[in-house]
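Participant: Whatever position you read off the sequence shown (first residue = 1), add 335 for our numbering. I'd like to ask you about the structure that follows.
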Amino acid sequence: MKDPIPKTQIEFKNAQSIVVSGDIHGDFTQLVYKCCVQYEMKDTLIIVAGDCGFGFERPGHYENLYRRCSGRLTKNNNWIVFVRGNHDNPAYFNIAPIKHPRWMTVPDYSILKACGHTILCVGGAISIDRTYRMSSRYYHEYQQPDSMEPNVYWINEPPKYDHEYLEIIDKQCAIDIVITHTAPSFCERTSHIGLSNWAERDKTLLDDVKQERTVMDNLLGYLYSRNHPLSYWYYGHFHQSWFSEIDGVKFNLLDCMELREIPPRDYLNC
336 MKDPIPKTQI EFKNAQSIVV SGDIHGDFTQ LVYKCCVQYE MKDTLIIVAG DCGFGFERPG
396 HYENLYRRCS GRLTKNNNWI VFVRGNHDNP AYFNIAPIKH PRWMTVPDYS ILKACGHTIL
456 CVGGAISIDR TYRMSSRYYH EYQQPDSMEP NVYWINEPPK YDHEYLEIID KQCAIDIVIT
516 HTAPSFCERT SHIGLSNWAE RDKTLLDDVK QERTVMDNLL GYLYSRNHPL SYWYYGHFHQ
576 SWFSEIDGVK FNLLDCMELR EIPPRDYLNC
């Protein structure tokens with residue numbers, strides 16, 4: 336029996352703006368510098384759409400990073416929320432989330448509330464280079480799912496369609512923004528350029544990638560079927576930049592370290 340509430344609901348009452356970042360691949364200090372110093376953001380909720388880089392080092396490494404970055408985040412009154420990517424150890428998100436005041440990882444199907452928006456976060460994707468990663472001497476094949484020890488690949492990386500949690504969320508929230516790591520099948524990137532070479536060595540890769548996108552299709556279909564006021568969908572993973580409005584939803588693909596501000600609620604007129 337699951338809890339009667341979503342896994343995580345966090346409200347950022349003092350945030351005045353929301354910014355979404357593409358993959359950062361471990362460049363935590365660069366992200367903080369870019370947001371707090373280069374762009375002088377203040378009172379801002381920053382959400383990283385996966386491939387944050389948690390899991391390649393020991394837990395103490397990320398604690399030290401937070402201590403180095405927390406001063407700037409606090410001074411500018413900014414917060415960073417990390418959504419799970421395929422290049423992240425799921426244990427940092429779904430088993431033992433990081434919960435610092437200015438820096439936190441969130442479980443899949445978490446809800447964030449800020450600036451009048453209700454944001455659904457769902458992580459995960461397929462690593463197209465997984466055969467290479469699993470052949471590395473740094474890969475620990477028999478690592479337990481709750482292990483925080485360093486690794487280079489996690490077999491439980493794909494996104495999961497959780498109908499039960501969506502039913503719970505549907506009773507409590509009206510979702511207007513979705514942030515994921517991958518995206519529905521009709522969104523870029525849709526070509527198999529670069530993927531085909533890996534598929535020659537990984538016989539189930541194309542099917543697994545198709546299933547990854549189907550999970551996002553099903554998530555979108557559920558939100559449509561329940562008439563959620565969905566306006567924006569942000570994602571990373573594909574290392575390029577793209578935007579398109581489809582059936583009233585503005586889909587935003589962010590390149591690595593690319594930042595996009597979510598328009599204020601009153602701008603959306605909904």
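Even for Gly, the Cβ is constructed at its ideal location relative to N, Cα and C. Since the model is a prediction, treat every value here as computed from it, not as a measurement.
By the 10 Å Cβ neighbour count, where 16 or more other Cβ atoms means buried, how is K337 classified, buried or exposed?
Facilitator: Below a pLDDT of 50, predicted positions are generally treated as unreliable, and K337, at 48, falls in that range; the measurement from the model is reported next regardless. So K337 counts as exposed.
Participant: Under 7 Å between the Cβ atoms of L632 and R437?
Facilitator: Here the chain comprises residues numbered 336 to 605, so residue 632 is not present and cannot be evaluated.
Participant: Enumerate in chain order the residues of its own chain whose CB-to-CB distance from D358 is below 6 Å, with the five nearest sequence positions on each side excluded.
Facilitator: Excluding sequence neighbours, D358 sits near D386, G571 and C591.
Participant: Could you tell me how far apart the beta carbons of C456 and S445 are, in whole angstroms, since I believe they sit closer than 8 Å?
Facilitator: Yes, C456 and S445 are in contact; Cβ-Cβ is about 5 Å, under 8 Å.
Participant: How long is the line joining the alpha carbons of L558 and R472, rounded to whole angstroms?
Facilitator: For L558 and R472, the distance between alpha carbons rounds to 42 Å.
Participant: Return the CA-CA distance between Y602 and E596, expressed in angstroms with no decimal places.
Facilitator: Caution is warranted here: a pLDDT of 45 is assigned to Y602, below 50, making its placement in the model unreliable, and the coordinate value is therefore given only provisionally. If I take the Cα positions, the gap works out to 12 Å.
Participant: Would you give the residue range spanned by the beta strand (DSSP E) that L447 belongs to?
Facilitator: Residues S445 to A449.
Participant: Where L565 and D378 are concerned, what is the direct C-alpha to C-alpha distance, given to the nearest angstrom?
Facilitator: L565 and D378: Cα-Cα distance of roughly 24 Å.
Participant: Could you tell me which residues DSSP pairs with Q344 in its beta bridges?
Facilitator: Paired residues: I446.
Participant: Out of N413, I353 and H435, which one is the CA nearest neighbour of Y397?
Facilitator: Checked all of N413, I353 and H435; the closest Cα to Y397 is H435.
Participant: Excluding sequence positions up to five away, which residues of its chain have a Cβ less than 6 Å from the Cβ of Q351?
Facilitator: Excluding positions up to five away in sequence, the list reads D378.
Participant: Look at the alpha carbon of F347 and the alpha carbon of N412, and state the distance between them as a whole number of angstroms.
Facilitator: If I take the Cα positions, the gap works out to 11 Å.
Participant: According to DSSP, F578 sits in a beta bridge with which residue or residues?
Facilitator: In the DSSP output, where bridge partners are listed per residue, F578 has N587.
Participant: So does the segment 360-373 actually touch the segment 502-522, counting three or more Cβ pairs closer than 8 Å?
Facilitator: The segment 360-373 vs the segment 502-522: no contact.
Participant: Jot down the residue ranges of each uninterrupted beta strand (DSSP E) in the segment 515-572, minimum 3 residues, whole runs only, in chain order.
Facilitator: Fully enclosed beta strand (DSSP E) runs of 3 or longer: 567-570.
Participant: Taking the alpha carbon of S439 as the point to measure from, which residue in Y467, G556, K545 and R402 has its own alpha carbon closest?
Facilitator: As written in the sequence, residue 439 is Met, which differs from the Ser given in the question. For M439, the nearest C-alpha among the options comes from R402.
Participant: Excluding the 5 residues preceding and the 5 following R536 in the sequence, name in chain order all residues of the same chain whose CB lies nearer than 8 Å to its CB.
Facilitator: Here the set comprises T466.
Participant: How would you call N604, buried or exposed, if buried means at least 16 neighbouring beta carbons within 10 angstroms?
Facilitator: Confidence is the limiting factor: at N604 the pLDDT is only 36, short of 50, which leaves the residue's position unreliable and the question unanswerable from this model.
Participant: Is it right to say C498 is buried, meaning 16 or more other beta carbons lie within 10 angstroms of its own, or is it exposed?
Facilitator: Looking at the sequence provided, one finds His at residue 498 rather than Cys. The residue in question, H498, is exposed, as its Cβ has fewer than 16 Cβ neighbours within 10 Å.
Participant: Helix, strand or coil for M439? Go by DSSP, reduced to three states.
Facilitator: M439 falls in the strand class under three-state DSSP.
Participant: What does DSSP give as the partner residues of E596 in its beta bridges?
Facilitator: DSSP lists V354 as partners of E596.
Participant: Given a cut-off of 7 Å on the beta-carbon distance, is the pair D423 and F389 in contact?
Facilitator: Yes, the Cβ-Cβ distance between D423 and F389 is below 7 Å.
Participant: In angstroms, rounded to a whole number, what distance separates the CA positions of Y569 and V418?
Facilitator: One C-alpha to the other measures close to 11 Å.
Participant: For N562, tell me which candidate among D511, E484 and S531 has the shortest Cα-Cα distance.
Facilitator: Comparing Cα positions, the closest option is D511.
Participant: With distances taken Cα to Cα, identify the nearest neighbour of Q546 among Y374, G459 and D443.
Facilitator: Nearest option by C-alpha distance: G459.
Participant: Using the C-alpha atoms, what's the distance from R548 back to R524?
Facilitator: Straight-line Cα distance between these residues: approximately 11 Å.
Participant: Compare the beta carbon distance of A449 and L541 with 7 Å and say whether it is the shorter of the two.
Facilitator: No, Cβ-Cβ distance for A449 and L541 is not below 7 Å.
Participant: In or out: P494 buried (at least 16 other Cβ within 10 Å) or exposed?
Facilitator: It is buried - the Cβ of P494 has at least 16 other Cβ atoms within 10 Å.
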